[in-house]
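Chemist: Numbering (my numbering), first residue to last: 5 to 223.
Take this structure, written in structure tokens, and hold onto it; I'll ask about it next.
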Amino acid sequence: MREVALTNRLLQYSLGFRAQYVVEVSGLNITVFPGVFPPVSPFSYDSLLLAEANDAQPGEAVLDIGTGTGVQAIISAKKGASKVVATDISQQAIENVGYNTTKHNLARIINVRKGNLFDPLEKGERFDLILANLPFVDHPADRVHEHWVYDPGYHSHREFFSKVKEYMKIESRILMAFADLGDVGFFEDQITRNHLRIDQKISDEKVGITWLVYKIVGG
Ligand SMILES: C[S@@+](CC[C@H](N)C(=O)[O-])C[C@H]1O[C@@H](n2cnc3c(N)ncnc32)[C@H](O)[C@@H]1O
Numbered sequence: 005m006r007e008v009a010l011t012n013r014l015l016q017y018s019l020g021f022r023a024q025y026v027v028e029v030s031g032l033n034i035t036v037f038p039g040v041f042p043p044v045s046p047f048s049y050d051s052l053l054l055a056e057a058n059d060a061q062p063g064e065a066v067l068d069i070g071t072g073t074g075v076q077a078i079i080s081a082k083k084g085a086s087k088v089v090a091t092d093i094s095q096q097a098i099e100n101v102g103y104n105t106t107k108h109n110l111a112r113i114i115n116v117r118k119g120n121l122f123d124p125l126e127k128g129e130r131f132d133l134i135l136a137n138l139p140f141v142d143h144p145a146d147r148v149h150e151h152w153v154y155d156p157g158y159h160s161h162r163e164f165f166s167k168v169k170e171y172m173k174i175e176s177r178i179l180m181a182f183a184d185l186g187d188v189g190f191f192e193d194q195i196t197r198n199h200l201r202i203d204q205k206i207s208d209e210k211v212g213i214t215w216l217v218y219k220i221v222g223g
């Protein structure tokens, strides 16, 4: 399978780094810890496309689901968001976003929480902008770092779309990455099935893959 071969190459590339290193995204230096999804790599155009699409406005409340290094959270805070909540299931990611938040002097703005999807949120917390770059290949994930790239049975995507409205305001928008390595038909069906609407679809062809960012709004 093409998607498994390519995601294996990403995992091999990333796991080759034994120490932290720095990449530049949207003019910002982002430190990548070993064992955390790199926002710059031959297979990370989802991160870069989402970073470009990030239209956080001054004063907005932003939620970054599956934050990894925290790259999307840092960009949101730099654009003037007044509150950013960044969540991830990976302990290494939580430590990595904490490091980047301190490095950029954004600890007052970015609140880092460990857990699955919306589990770390308080009841009634709502956001103007929800960013998500979840793994988009439906394949078993045996090791923790495989959850960067594999969402077995699309369990996380199904749960994301069934619950996200509880954390949206009337005018909220979601910016979410995907790629044709995954099942685009399934992804778009989840949006309409959950009474949401695609407002904009941004795409970019790189390394033989169509990388996508969807702007999704209430239906
Ligand atoms: C493709 S990486 C994206 C990282 C970062 N947002 C970026 O754009 O570079 C996906 C991240 O989602 C996290 N993740 C996977 N499943 C998750 C879930 N169910 N809940 C929260 N985080 C999850 C992974 O640990 C990983 O850090």
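Glycine included, C-beta positions come from ideal geometry on N, C-alpha and C.
Among Glu7, Lys219, Val221, Tyr154, which one has its Cα closest to the Cα of Phe41?
Modeler: Tyr154
Chemist: Between Glu56, His143, Gln95, Trp215, which lies nearest to Ile78 when the distance is taken from Cα to Cα?
Modeler: The residue with the shortest Cα to Cα distance from Ile78 is Glu56.
Chemist: For the beta strand (DSSP E) that Lys169 lies in, which residues bound it at each end?
Modeler: That residue, Lys169, is in no beta strand (DSSP E); it is neither H nor E in DSSP.
Chemist: Comparing C-alpha positions only, which one of Gly39, Ser48, Asn120, Ile113 sits nearest to Phe164?
Modeler: Asn120
Chemist: Which whole-angstrom value describes the C-beta separation of Pro46 and Tyr17, a residue pair presumed to lie in contact below a C-beta threshold of 8 angstroms?
Modeler: So it is a contact: roughly 7 angstroms between Cβ atoms.
Chemist: In the segment 13–41, which residue ranges form an unbroken beta strand (DSSP E) of at least 3 residues, counting only runs that do not cross its ends?
Modeler: 25–29, 32–36
Chemist: Expressed to the nearest angstrom, what Euclidean distance is found between the alpha-carbon atoms of Ile178 and Gly212?
Modeler: Rounded to the nearest whole angstrom, the C-alpha separation of Ile178 and Gly212 is 26 angstroms.
Chemist: Roughly how many angstroms separate the alpha carbons of Arg197 and Lys169, rounded to a whole number?
Modeler: 13 angstroms
Chemist: Going by CA-CA distance only, name the one from Ile98, Val148, Pro139, Ser176 that's closest to Ser160.
Modeler: Pro139
Chemist: Taking 8 angstroms as the threshold (C-beta atoms), are Val36 and Thr71 in contact?
Modeler: no
Chemist: Give the secondary structure of Gln95 by DSSP, where H, G and I count as helix, E and B as strand, and everything else as coil.
Modeler: Gln95: helix per DSSP, three-state reduction.
Chemist: What do you reckon, is the C-beta of Val89 under 7 angstroms from a heavy atom of ligand 1?
Modeler: no
Chemist: On the DSSP bridge list, what partners appear for Glu226?
Modeler: As shown, the chain starts at 5 and ends at 223. That puts residue 226 outside it, with no answer to give.
Chemist: Along the chain, where does the beta strand (DSSP E) that runs through Ala136 open and close?
Modeler: 131–136
Chemist: Looking only at C-alpha atoms, which of Lys127, Gly128, Gly84, Val66 sits nearest to Val116?
Modeler: Val66
Chemist: Cβ-heavy atom distance between Ala60 and ligand 1 below 7 angstroms?
Modeler: no
Chemist: By alpha-carbon positions, which one of Glu64, Glu99, Val29 ends up nearest to Pro38?
Modeler: Glu99
Chemist: Identify the continuous alpha helix (DSSP H) that holds Val188 and give its terminal residues.
Modeler: 188–197
Chemist: When you compare only the Cα positions, how much space is there between Leu52 and Lys173?
Modeler: 26 angstroms
Chemist: Suppose contacts are defined by Cβ-Cβ distances below 8 angstroms. Is Ala97 in contact with Asn137 by that definition?
Modeler: no
Chemist: Determine the extent of the alpha helix (DSSP H) in which Glu82 is found, giving its start and end residues.
Modeler: With the sequence shown as reference, residue 82 is identified as Lys, and Glu is not the correct amino acid for it. From DSSP, the alpha helix (DSSP H) with Lys82 extends over 75–82.
Chemist: By DSSP, does Leu200 sit in helix, in strand, or in coil?
Modeler: In the structure shown, Leu200 sits in a strand (DSSP, three-state: E or B).
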